[in-house]
Amino acid sequence: MNDEFVIKTEGLTKIFPDGKGVKDINLKIRKGAIYGLLGPNGAGKTTVMKTLLGLLQPTRGIGKILGCNIGSNSPSLSKVGSLIEGPSLYGHLTGRENLEVIRRIIGAPRNRVSLVLELVSLEEHSDKRVLDYSLGMKQRIGLAIALLNDPEVLILDEPGNGLDPAGSIDLGGILKNLSREGKTILISSHLLHDIEQIATDVGIMCDGILRHQGKVSDDKNCNIVSFKIQCENQAKAIESLNGNGWNAVKICEKWIELKMVKESVPLFFSSIGVLGIEINKIKESNDSLERLYFEVTN
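Taking this note's numbering, the leading residue of the sequence shown gets 3, the next gets one more, and so forth.
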């Protein structure tokens, strides 16, 4: 497996006794990326994250984090911080006391508690009992716990749950800053707009399958055109297009997406005839993540 990816899986599959699960997940996440894992409830996002963290044993396939095989005893886990399905907290303890308990268990430096409380903007509430925290405040403490060991990788399952709009903006700012520091972040969410604002890459899941994976568009205001085509023998068409210098990406079972500078469009349409590609349908590609999400999941 290629070391350029901090997180990479090949054919990662987890099937439960009822037949549900995730199948043939091929994640590719580079250092410093904020990778948004999207999908409706039950799509398999949490299952993927639990499997990466060694909380679930894969049925088959390969997964690596920081070059180490995934699993409950993986040495890479000491460099990973996570928040899965909400934090488990001691309600009778304060926020600071909860962090201190975890700090002692993992052996983090004493000053990390104050540092992460400041980072998640919870200093003024740190001496209140967690029992009196709002859902959003509990999520912030959960993120603080994930950051205690100063991890290289963060795996966060719906960290924006319970946050008000201001809190969501704050969270986005925190994650962007962590990404600039070189930390790699895998975050699941159903809040498409929030992910579009912070993610560098996205994966979209539906029915246990990773149906789309790619970079979040950053060329909306550039001299770039984006459109989608349907054609016969999609796989062969993609191979032929990419083999001749055109960046063709399969975005769902029906559509191939292409991006190019405006000046290249006439050359492209003259080339496809030579390549023997017969286009059945063509339409402009909207860069909206929301539109892509609904195309892929529907």
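Beta carbons are placed, not taken as given, at the ideal position from N, Cα and C, and that holds for glycine. Here the structure is a predicted model, which means the values were calculated and not measured.
- Contact between residue 155 and residue 186 is confirmed by a C-beta separation of about 5 Å, below the 8 Å threshold.
- Secondary structure note for residue 32: its beta strand (DSSP E) is the uninterrupted segment 30–32.
- Residue 284 and residue 256 have their C-alpha atoms some 11 Å from each other.
- Out of 67, 48, 39, the CA that lies nearest to the CA of residue 9 is found in 67.
- Nearest to residue 231 by alpha-carbon distance, out of 270, 207, 205, is 270.
- Residue range 7–17 is occupied by the beta strand (DSSP E) that includes residue 17.
- A straight line joining the alpha-carbon of residue 286 with that of residue 56 spans about 42 Å.
- Excluding the 5 residues flanking it on each side, residue 18 has no same chain C-beta neighbour closer than 7 Å.
- Scanning 24, 30, 15 for the CA closest to the CA of residue 6 turns up 30.
- Residue 292 sits exposed, since fewer than 16 C-beta atoms from the chains shown fall within 10 Å of its C-beta.
- Between the beta-carbon of residue 280 and that of residue 233 there is about 6 Å, and that keeps the pair under the 8 Å contact cut.
- Under the three-state reduction of DSSP, residue 136 is assigned to coil, being neither helix nor strand.
- Note that the C-beta distance between residue 91 and residue 144 is below 9 Å.
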